[in-house]
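Here the protein sequences come in this chain order: A and B.
According to the numbering used here, the first sequence is numbered sequentially starting from 5.
According to the numbering used here, the second sequence is numbered sequentially starting from -13.
Written below as structure tokens is the structure these notes are about.
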Amino acid sequence: GAGVSQSPRYKVAKRGQDVALRCDPISGHVSLFWYQQALGQGPEFLTYFQNEAQLDKSGLPSDRFFAERPEGSVSTLKIQRTQQEDSAVYLCASSLWDRGGNQPQHFGDGTRLSIL
Amino acid sequence: SQKIEQNSEALNIQEGKTATLTCNYTNYSPAYLQWYRQDPGRGPVFLLLIRENEKEKRKERLKVTFDTTLKQSLFHITASQPADSATYLCALGTGGYNKLIFGAGTRLAVHP
Chain A
5 GAGVSQSPRY KVAKRGQDVA LRCDPISGHV SLFWYQQALG QGPEFLTYFQ NEAQLDKSGL
65 PSDRFFAERP EGSVSTLKIQ RTQQEDSAVY LCASSLWDRG GNQPQHFGDG TRLSIL
Chain B
-13 SQKIEQNSEA LNIQEGKTAT LTCNYTNYSP AYLQWYRQDP GRGPVFLLLI RENEKEKRKE
47 RLKVTFDTTL KQSLFHITAS QPADSATYLC ALGTGGYNKL IFGAGTRLAV HP
């Protein structure tokens, strides 16, 4: 079956522009996560959705970052007025949900964002 | 402060040997720990999950241990192959909705 799909794979934007990154999770996965990965580092948590509800946005670096999942499937991460420090790979992951939370996460291949 | 440490240097081993990767953590009380593999330009791929009440888990050539007293997990790949060359990430889960905290990863290179 299809895995997690992210688009675009690469995005180049000028400083100050707005960008939107899309994530198509695995069908039926309740949980959806966004992570930011800098070069040579592990993924860092940004935000979590359970269906359409954004339950945790504690990792979003600033109010320029906004995420939504309006129908509980596709999610979009938007970055307004991009800065050079926003350059990174943005990963989306989805998983099944259980009370203990110990489910494998399925990752997309990410969007590599470069801000000039 | 909270910290997750993995071998920062790349690990180079000969084909056929056992690779052992370390994940140490401080100031966390994880309910479980997961290991992922990441190839260049790709997203992480799940390998194994071990819960806090489990000491060891195996899957084919992979073995993971979890010592909550030492605050350490060891990840072993036996009979390593060049195709095992990748970056391996450990991730702590604190329960609830499965939020993961990742280490920086260890790069493994298996030489023929």
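Positions of the beta carbon are idealized from the N, C-alpha and C atoms, including for glycine.
Values in this document were obtained by computation on a predicted structure and should not be read as measured data.
Give me, in chain order, the residues of the same chain whose beta-carbon lies closer than 7 Å to that of residue i; leave out the 5 immediate sequence neighbours on both sides.
i              : result
S99 (chain A)  : H33, S35, Q107, P108, Q109 and H110
R47 (chain B)  : I63, T64 and A65
L77 (chain A)  : Position check: residue 77 (chain A) holds Ser in this sequence, whereas Leu was assumed. Cβ within range, chain order: P29.
Q54 (chain A)  : V34, S35 and W101
A109 (chain B) : What is shown of chain B runs -13 to 98, which leaves residue 109 (chain B) out entirely.
Smallest Cα separation from residue i: which of the options?
i              : options                             : result
E75 (chain A)  : A:D28, A:A6, A:I119 and A:G7        : A:D28
L75 (chain B)  : B:G89, B:L60, B:Y18 and B:T12       : B:G89
T4 (chain B)   : B:N84, B:K85 and B:Q67              : B:Q67
P65 (chain A)  : A:A57, A:A17, A:E56 and A:Q41       : A:Q41
T73 (chain B)  : B:R37, B:G82, B:L86 and B:R28       : B:R28
Y83 (chain B)  : A:T86, A:D60 and A:R85              : A:D60
R37 (chain B)  : B:R44, B:L56, B:P16 and B:Y22       : B:P16
T80 (chain B)  : B:S(-6), B:N(-2) and B:Y18          : B:Y18
F61 (chain B)  : B:I87, B:G91 and B:L86              : B:G91
P98 (chain B)  : B:N(-7), B:S(-13), B:E1 and B:A(-4) : B:E1
L120 (chain A) : A:A6, A:E56, A:K18 and A:Y14        : A:K18
Would you list the one or two residues that DSSP bridges to residue i?
i               : result
K45 (chain B)   : B:L48
K61 (chain A)   : K61 (chain A) pairs with nothing; no bridge assigned.
H97 (chain B)   : B:Q0
S59 (chain B)   : B:C9 and B:F52
Q109 (chain A)  : Q109 (chain A) pairs with nothing; no bridge assigned.
L25 (chain A)   : A:L81
E72 (chain A)   : A:T80
E(-9) (chain B) : B:N10
K121 (chain A)  : Because chain A here runs from 5 to 120, residue 121 (chain A) falls outside it and cannot be looked at.
So, is residue i buried or exposed, given that buried needs 16 or more other C-beta atoms within 10 angstroms?
i                : result
S62 (chain A)    : exposed
S11 (chain A)    : exposed
N39 (chain B)    : exposed
R93 (chain B)    : buried
Q88 (chain A)    : exposed
N13 (chain B)    : exposed
R73 (chain A)    : buried
K(-11) (chain B) : exposed
L78 (chain B)    : buried
A97 (chain A)    : buried
L7 (chain B)     : buried
Note down, in chain order, each residue of its chain lying with its Cβ closer than 6 Å to the Cβ of residue i, except the 5 sequence neighbours on either side.
i             : result
Q58 (chain B) : N10
A24 (chain A) : T80 and K82
D70 (chain B) : I63 and V96
E42 (chain B) : T51
D53 (chain B) : none
L86 (chain B) : A77 and G79
Q84 (chain A) : D22 and R68
Am I right that residue i and residue j are in contact with their C-beta atoms under 8 Å? What's the rounded C-beta distance?
i              : j              : result
L117 (chain A) : D90 (chain A)  : 6 Å
V93 (chain A)  : G114 (chain A) : 4 Å
T86 (chain A)  : Q21 (chain A)  : 6 Å
L33 (chain B)  : R44 (chain B)  : About 11 Å; that fails the 8 Å criterion.
Beta-carbon within less than 8 Å of residue i's beta-carbon, same chain only, minus the 5 sequence neighbours each way: which residues are those?
i            : result
S9 (chain A) : C27, D28 and G112
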